[in-house]
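Following: one structure in structure tokens, then a few remarks.
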Amino acid sequence: MRILVVGSGGREHALCWKIAASPLCDKLYCAPGNAGIAADAECVAIGAEDVAGITAFAKQAAIDFVVVGPEGPLVKGLADRLEAEGIATFGPSAQAAALEGSKGFMKDIAAKYAIPSARYARFTEPAPAKAFARTFTPPIVIKADGLASGKGVVICGSHAEAEAEIDAMLTEKKFGNASAEIVVEEFLEGEELSFFALTDGTHALPLVSAQDHKRVGDGDTGPNTGGMGAYSPAPVATKDVETAIMERIIRPTVAGMAAEGRPFKGVLFAGIMVTREGPKLIEYNVRFGDPETQVIMLRMKSDLLPALMAARDGTLQSFDLRWSDDTALVVVMAAKGYPEKPQTGTLIRNLDAAAKVDGATIFHAGTKRNAQGEIEASGGRVLGISATAKSFEEARARAYRAVDLIDWPGGFCRRDIGWRAAGRK
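The structure is reproduced here in structure tokens:
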């Protein structure tokens, strides 16, 4: 088969790395890709959200199957456009992608189908939003309804802070059209978990658990980011917790979306809070997570490609996946200044030595090759230094051993990835 992966981040590198190993894959392309992906796929200079450009390339290159990485092109209808041209695609339709494209829509689906989630309301005017916010004891969560590059969720520590944030989003249009409507909701107490399931519109197949680290600094300090590291499995995801997530959250969502005439095909990425009352849904993403995909792909023993095809074809009910019992951990190296103003163009050296650490795999996110053929930073999150081992402690040690071999004065990372699992059985 001739395969096209859409996207340019660490998630897409992990997907390309796994798909390239499939005996079903004859030729692999990635649009637009990055310097690391170029080792596994032929990179094509087309932006991920260029729906017309990607569709034209897929037709011209006789692509058999497209795997869409980021949410932007899915919300824009890339999967619909490709399928209309007869090109099989992994990823939901634009109507189904509204689960991530509109936080208000997602909350309405959860309410309608009795999926446990935080108490909420939707607003387009500041005054009623502020009145509703006052019904909560802080912290209070304010969310832009639309896509805001992972920055549209603000946790406010006081009523005054919540009111200022409501004004910033609705009146000052902090996130442009994405915050023309907002969701004000209850803050959930507990431990957060990333949970993934492939779905074919009717059936759902769970993947292994993972836990992400959103804040930029050690000890979960500083602003939220796209993710500074992850590990799998997550100890909080016990068998009982995973069963509850599938029965109370994932399956009712799949059935609900089908009933709404928006059958969901692709991967459901549920942000879960494990509370005293059990798991509750924080939000849905309609694509693989980054950096969780890196650790999930490292643990997957099965061929990924047939599973993605089964999700698209509606044949997941007869599918099973095999997993390694090893722990996988990824440390994200970001450019100094991230997330506000990352410094790009800095040189990164010694990646080959880091990749030779036992159990290590280097995934690229924001990288490119300069005119001299050297690797340089071209984004905020730049590298995913990953490792696998029999134990959590050894996986973590290997990942940081590889980090310490990389010569990149322009980068930084958190030194405490996996702190919740450290020493925990």
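Its first residue numbered 1, the sequence shown is counted upward by one per residue in the UniProt record's numbering.
All C-beta atoms in this analysis are idealised placements derived from N, C-alpha and C, irrespective of residue type, glycine included.
Bear in mind the structure is a predicted one, so any value in this text is a computation, not a measurement.
Note on geometry: alpha-carbon atoms of residue 3 and residue 59 lie some 12 Å from one another. By the CB criterion at 9 Å, residue 339 and residue 377 fall outside the cutoff. When Cβ pairs closer than 8 Å are counted between the two stretches, the segment 181-190 is seen not to touch the segment 299-312, the count staying below three. Boundaries of the alpha helix (DSSP H) around residue 128: 126-133.
Comparing C-alpha distances from residue 329 to each of 56, 10, 392 and 119 shows the shortest one belongs to 392.
Between the segment 199-209 and the segment 232-249, the count of C-beta pairs closer than 8 Å reaches three or more; the two stretches touch. Burial state of residue 247 is exposed, judged by a 10 Å Cβ sphere holding fewer than 16 other Cβ atoms.
DSSP places residue 44 in the coil class of the three-state scheme, outside both helix and strand.
Beta-bridge pairing by DSSP links residue 67 to 5 and 90. The segment 155-166 makes no contact with the segment 74-84: fewer than 3 CB pairs, one atom from each, lie closer than 8 Å. Distance check between residue 349 and each of 382, 337 and 104 places 382 closest, using alpha-carbon atoms only.
Counting of Cβ neighbours within 10 angstroms places residue 294 among the buried residues, the total reaching 16 or more.
Residue 386 counts as buried, since at least 16 other C-beta atoms from the protein chains shown sit within 10 angstroms of its C-beta. It is roughly 7 Å from the alpha-carbon of residue 325 to the alpha-carbon of residue 390. In the DSSP assignment, residue 280 falls within the beta strand (DSSP E) that extends over 278-285.
In the DSSP assignment, residue 199 forms a beta bridge with 204 and 266. Here residue 343 carries a coil assignment [DSSP, helix/strand/coil]. Under the rule that a run must span 3 or more residues, the beta strand (DSSP E) segments found entirely inside the segment 304-339 read 327-335.
Burial is judged here by how many other beta carbons sit within 10 angstroms of a residue's own beta carbon; residue 204 has at least 16 and is buried. Within the same chain, and ignoring the five residues on either side of residue 132 in sequence, the residues whose Cβ sits closer than 8 Å to its Cβ are 121, 123 and 184. Classified as buried, residue 285 has 16 or more neighbouring CB atoms from the shown chains inside 10 Å of its CB. With a beta-carbon spacing of about 6 Å, residue 312 and residue 88 fall inside the 8 Å limit used to define contacts. A check of alpha carbon separations from residue 61 across 5, 70 and 361 identifies 5 as the nearest.
DSSP places residue 300 in the strand class (E or B) of the three-state scheme.
Apart from the 5 residues on each side of it in sequence, residue 110 sits with its Cβ closer than 7 Å to the Cβ of 117 and 281 in its chain, given in chain order. With 16 or more other Cβ atoms inside 10 Å of its own Cβ, residue 179 counts as buried. Per DSSP, the continuous alpha helix (DSSP H) segment holding residue 243 begins and ends at 239-245. Your pair residue 90 and residue 266 checks out as a contact, with CB atoms roughly 6 Å apart and the cut at 8 Å.
Looking only at 39, 55, 195 and 367, the smallest Cα-Cα distance to residue 241 is reached by 195. With a threshold of 16 other beta carbon atoms within 10 Å, residue 291 meets it and is buried. Here the alpha carbon of residue 26 sits roughly 22 Å from the alpha carbon of residue 363. Pairing residue 64 with residue 1 gives a Cβ-Cβ distance under 9 Å. Comparing alpha carbon positions, the residue from 264, 135, 153 and 128 closest to residue 75 is 264.
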